[in-house]
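Protein chains in written order, with my numbering: chain A, 1 to 399; chain B, 400 to 603; chain C, 604 to 1088; chain D, 1089 to 1283.
Every residue gets a Cβ at the ideal spot worked out from N, C-alpha and C, and that includes glycine.
Each remark here refers to the structure printed beneath this line.
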Amino acid sequence: MSDAILQANERPRVHTEEMVLSMGPHHPSTHGVLRLEVVTDGEVVVSARPDIGYLHRAIEKIGEYVDYRQFMPYTDRVDYICSMNSNHAYALGVEKLAKISVPLRAELMRVMVAELNRISSHMICIGALAMDMGAYTPFLHGLCHRELVNDIFEDVCGARLTYNYLTIGGVSYDAPPGWIEKCERFVEYLWPKMIEFNDLITGNTIFQERLCRVGVVSPEHAVNWGLVGPNLRGSGVQWDVRKNEPYSIYDRLEFDVPVGDGGDPNGSNPQGELGDSYDRYVVRVKEVFESLKILKQICSMLRENEKLPADHPDRLYQAKLPVRLKVPPGECYVRSENPRGETGYYVISDGTEMPLRLKIRTGSFSALGCFEEVTRGLLIGDVIAVIGSFDIVLPEVDR
Amino acid sequence: MDFNAIVEHLKKRWPGIEAPAVANGDPFAIVPAVDAFEVLKHLKETPELGFDSLMSLVGADNGHELWVIYPLHSLKHLHKFTVKVVLGREKPQVTSVVSLWGMADFFEREAYDLYGIDFKGHPDLRRIMNPPDWEGWPGRKDFEIPPDYHGIPTLRNDQFFADAVETGNKAVAEKEKEAIAKAQEIFKQEQAAAKASGGEGIQA
Amino acid sequence: MYELLSALQGAAAHPAWWMIVLAAFVPVMVIWLVIQGVAGASTYVERKVAADIQRRVGPNQCNVGSFFGAWAKEVIRNGKGAMADAGGRFMAMLFIPLQPIFAMVDKVTAKFAPGILIFLADGIKLIMKEDITPKAADKPLFKVAPVIVLASAFGALATLPYSDRFYIADFNVGLLYIAAIASLETIGILMAGWASNNKWALLGGFRSAAQVVSYELPAGLAILTAILLCGTMSLQDMTVAQLGLGAGWQAGWIWHWNIFSNPFMLILAPVFFLAALAECNRTPFDIPEAESELVAGYHTEYTGMRFAFFFMAEYAMMFVVSGVFAVIFLGGWSTGIGALETWDKWAVNGDPAQGFYWYASLVHLLVFCGKAYLGVLLMMWIRWTIPRFRVDQMMSLCWRKLIPISMTCFTAVGIWVALRPFVVRWAGSEAQWQSCAGYGALAIAVAIGVFLVWFILRPLTPDEQLRRKLIKETSIKAGAGHGFA
Amino acid sequence: MGILQNRFDEENVIFTNVDTLLNLGKEHSLWYLLFATACCGIELMQWGASKYDSDRFGMIPRSTPRQADLMIVAGTITLKMASRVKRLYEQMPEPKWVISMGSCANAGGPFCKYSYSVLKGIDKYIPVDVYVPGCPPRPEALIEGVFKLREVIHEERVLRKQGKTPKPRTPIVVEDPHAHDPFARHSGGAKLVKA
């Protein structure tokens, strides 16, 4: 036998080659303009490296050119799916630096709209996750519920998506008559609808098979990689800014912090592993119920608040502020719990009307940081599942 | 541990650390760039400090010098601490903390992209937001927008906008006036109707 | 079809030449029309089904009135224009009386099928689209792939037993032929995936090849079982066999259908249906074109009419596999009402000399198309309801679950068939055995019916009652996202 | 339409009427590219979803540009993204149309003045047929935009030759009925109670 044949026999019979797939920036399930450089060996993903910046709009830089109040509309665009929460985080930051105290009614309205927006954001997330899994209908059902939230917001501020409703020191408008009843009816409406949604999707075997044990993040890694919000709680870490570092009036409200319970035989995810995609999904679904609980409480609190005399300080919806708002020099980091985890504003003021530097820390950005590690060795279909379960929103990543 | 105790603790080993008095906002400690990595490592790995979570990583420019700010938080002890590193504008360099907190990976790339801060030891220090062939550090105060990027004008055509605003303004103002008058009329009618029916306010 | 034509020609010794041409030409045109009809109607039906599931309205703009009516209006306007010539004026005059007719038709169609002309609009548009062949594509393969895919569906449609006398061809190896030609589709898809020179398309093609090769096995085993049971490969004969003609008063009744003939066929029916779904690349097995993963899978690079070919082939294939399902499990064109089937031998085929009852054939045609389209509707329902499998899950479902099940059923049915002569001997005669089996099947059917009735009418727990009440109260009518508040 | 496209220069009873029929087909089956970059994308989704239901007009989303007729540029286009958008546009087969949705795609929107990385108007890069203003536009405005586009399609010449001087593409701007009316956005009379 000649050497050449010997060598040929020693070589592996099947010669495989790695293929580079450019997933995005236009791809149906990268939730916007995320681009992934996916190196695959057949269907198996060797590495999936996120390439971001296709929606880098320099919002942080714009913050240095406009004054504190003018920046509020831009926070809407930082995370358009939950603009109210985004507004809230920024308002908290400026109020902390400028030492502004917010009247009670404004706080109630803020928490109300924030929780409503959390629901509508989770509707998109869980619907889009189902759509990525191939079920198109739940997504539309989610959007259908979302329309109702939009109606409620339209009543209170006139906009459907980018609200600019919260202002520094309060909110722009008071609740119109009949608005609270509308919110209560929404809570009554959504609760059974969510149960129906659970019956259809959460309990679906194919859906569970697709998500369980996929994209597992252990609790230590989750903290180390800076995962926040539902992604962190999906890994079993009980950390919610609303509960652990209460801001606004969250310390007066009763709600639970759902965490992932993968592998627990009595839990919602008995076949899974702690921190898998299904855990993150279930945490979001449970959070919708918690938000509904909060909404109920806020509605009753608002009703009580309305019984106060009209000139009572607790009934104001805006603090009295000077027209030219100057913030004393200093810097602070303030975070609030957004649907996609904590959104932190690092505000540096130099005493003028404009901030010296605004740094926005968002949940999706850090989630993408660990994306490559999490998706290594998965299949192409799983990469989609992991993107969906991290609930990535691109303007938040690129800002 | 509160902020002052942590500063005292650190000063024993690194006397160069300063903690300027702040009247407003969060207190922070200024750490020399050469010691930054060791200090942060100490902060993370000492059990009684235990800063296991890096909340954010901020690059900033105040016009004279560049800053890198590390707001830290401990999930174990529930205390916070902010480390600030001051760098010069020429060849700003600080050691990367990716080995301590995995999250710092993207945040350091972002600080590099916007401010040109070189994070020594970072595994993959490339531009992240801007295209790879972008020139300049857009986050810095002295950055000037280039007139075009690959033939695409980056600046707006001011004359066009001025015209649009000027011609648009009259129409907009008139329409707004009309709309407000109309809306107020409807409002009055409905108020009257509501009063007539005896209800207070208008039902949604 | 040939038999039909020769029956028309009468008792000529040799078929005339025009008869041969006609016999080649007419079936082709008929299948083409069937494909057009099935694909066109299915796009509309699918959109309406999806809309209903998703609480939408679905297409309702493209009515007869708004489409042809608008056209008539334009034609009349053109005819009255200054530039119009004699022809234009003539056309306008022709269309003026047509306008109220269109309006009338519109009123009727808009009631029960709004937006029905959407498939016509889609067709017109797709024909007009630019035909792009990517520069890097393998041009001959790229161009021939959609044709192959459509041809396989075309070929398969030819052998379906639409009715006892209206059918196009009846081979003695019909089922084998369908199984063979339906898997030709994979070659077309693989070709399309490879020739597009697009990575998404390539992945889609590979996935399709793996999928169809795997799911051929349970489907093939199910078909084999039916062949074993009926003793024939011809689709017509298989349908006739399911009439149970030897069974006295029980002949032609529903329990002679294969699915009720023994418990194993009842297990096998869903297995075959799943495999059929996979062969048509429908959800939950739409992995080759997985829209959220592979952009559009193997047809990512196809435009206009070439894409429409894939589209038509998909719907035609759905109809084919549902038709095969109807033949091997649900008695083909049989109505399932024995009295009807045996009455004056009007429906029982076999001997051309028996005469030709067009009304019987028409009923059978409707019954067969109904059964097959029921399968298509079920596929659509599944498509818009449940998520998609992952590649490995799809494979493990096939190799670990479906194939063992179908193997077991095949063996069991084999034993069943082998034991039948002994049972018949024990029972006394074939007729007696048939009636025994009939009573058994009747008992099973009644049991299933009773169970279903219990399942629907069973007392609910308080929790379930509350949940149903809440869901009922808050349910939104289709298309009215604003029903609340 | 291949070899028959724009071949005939006479105004004939056949050509005019066939053109009308073809145009009717085109305008009732506008498949749009599932392409959204930013905020407007959410409104685009709502427009395609249950309440507004773009499928009523025969519009369904396609994720590959090869099968799309209409590109709705929904959201901010950055300089990094611009070349991709152009490529997507080039991948679409003729005949194709573009709707520029939202202020960002029209002119840069709120990022027009200070942002260094935003393309100030997508019409600097690809031809636009209809502009829909708003930040983001309401779905009703997008529906109006689609109807304006239909009017454009209705007048197109398919078999007949284009005129000697082809009609220049004039920008069509949809007027948001609520754009100037601060109260009209509020449903019902409730919001007329000024805060």
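Query	Result
Residue of D/1133, D/1111, D/1148 and D/1164 minimising C-alpha distance to residue 394 of chain A	D/1164
8 Å Cβ cutoff met for residue 825 of chain C and residue 763 of chain C	no
Given residue 997 of chain C as reference, the closest of C/908, C/880, C/1027 and C/1015 once Cα atoms are compared	C/880
Option in A/190, A/137, A/241 and A/135 with minimal Cα separation from residue 85 of chain A	A/241
Residue 625 of chain B (DSSP reduced to helix, strand or coil)	The requested residue 625 of chain B is not part of the displayed model; chain B covers only 400 to 603.
Which residues DSSP lists as bridging residue 38 of chain A, in chain order	A/21 and A/48
In DSSP terms, what residue 242 of chain A is bridged to	For residue 242 of chain A, which the question treats as bridged, DSSP gives no partner whatsoever.
Proximity test, Cβ basis, 8 Å: residue 328 of chain A and chain B	yes
CB of residue 1146 of chain D within 8 Å of CB of residue 1117 of chain D, strictly	yes
Neighbour list for residue 81 of chain A in chain D, Cβ cutoff strictly below 7 Å	1130
Reduced DSSP category for residue 940 of chain C - H, G, I as helix; E, B as strand; rest coil	coil
Buried/exposed call for residue 1065 of chain C, threshold 16 Cβ in 10 Å	exposed
Residue 1016 of chain C vs residue 1151 of chain D beta-carbon contact at 8 Å	no
Contact residues within the segment 1204-1227 of chain D, judged by C-beta distance below 9 Å to chain B	1204, 1205, 1206, 1207, 1208, 1209, 1212 and 1213
Separation of residue 1112 of chain D from residue 388 of chain A, as counted between CA atoms	39 Å
Whole-number beta carbon distance between residue 257 of chain A and residue 405 of chain A, since they are thought to touch under 8 Å	No information on residue 405 of chain A is available, as it lies outside the stretch 1 to 399 that chain A covers here.
Alpha carbon of residue 693 of chain C to alpha carbon of residue 712 of chain C, nearest angstrom	28 Å
Residue 211 of chain A to residue 322 of chain A span [Cα, whole Å]	52 Å
Residue 760 of chain C: CB within 7 Å of a non-hydrogen atom of the ligand HEM	Annotation note on the ligand HEM: not contained in the displayed structure, which lists no ligands.
Environment of residue 1256 of chain D [buried if 16+ CB atoms lie within 10 Å]	For residue 1256 of chain D, the pLDDT reaches just 48, beneath the cut-off of 50, and the residue's location in the model is therefore unreliable, leaving the point undetermined.
Sequence-distant residues of the same chain with beta carbon closer than 8 Å to residue 553 of chain B, five excluded per side	544, 545, 546 and 547
Test: residue 33 of chain A CB closer than 8 Å to a CB of chain D	yes
Residue 834 of chain C burial status per 10 Å Cβ neighbour count (16 or more: buried)	exposed
CB contact below 8 Å: residue 1065 of chain C versus chain A	no
Residue-level contact to chain C via CB, residue 1182 of chain D, 8 Å cutoff	yes
C-beta contact flag for residue 370 of chain A and residue 227 of chain A at 8 Å	yes
Coarse secondary structure for residue 217 of chain A, derived from DSSP in three states	coil
Reference residue 454 of chain B, options B/469, B/446, B/445 and B/460, closest by Cα	B/469
Cβ-based contacts, 7 Å cut-off: residues of the segment 1103-1123 of chain D near chain A	1122 and 1123
Whether residue 1161 of chain D touches residue 1193 of chain D by CB criterion (8 Å)	yes
Residues within the segment 443-458 of chain B neighbouring chain A, beta-carbon criterion of under 7 Å	451, 452, 453, 454, 455 and 457
Selected residue, minimal CA-CA separation from residue 102 of chain A, among A/116, A/172 and A/49	A/172
Stretch pair the segment 19-37 of chain A + the segment 315-329 of chain A: three plus CB contacts closer than 8 Å	no
Chain-ordered neighbours of residue 1061 of chain C on chain A, where CB pairs are closer than 7 Å	Those within 7 Å of residue 1061 of chain C in chain A number zero; the least Cβ separation is about 17 Å.
Residues that residue 1068 of chain C bridges to, as DSSP identifies them	None; residue 1068 of chain C has no bridge partner.
Closer than 9 Å at the beta carbon, the chain C residues around residue 1172 of chain D	Here the premise fails: no neighbours, minimum Cβ distance about 14 Å.
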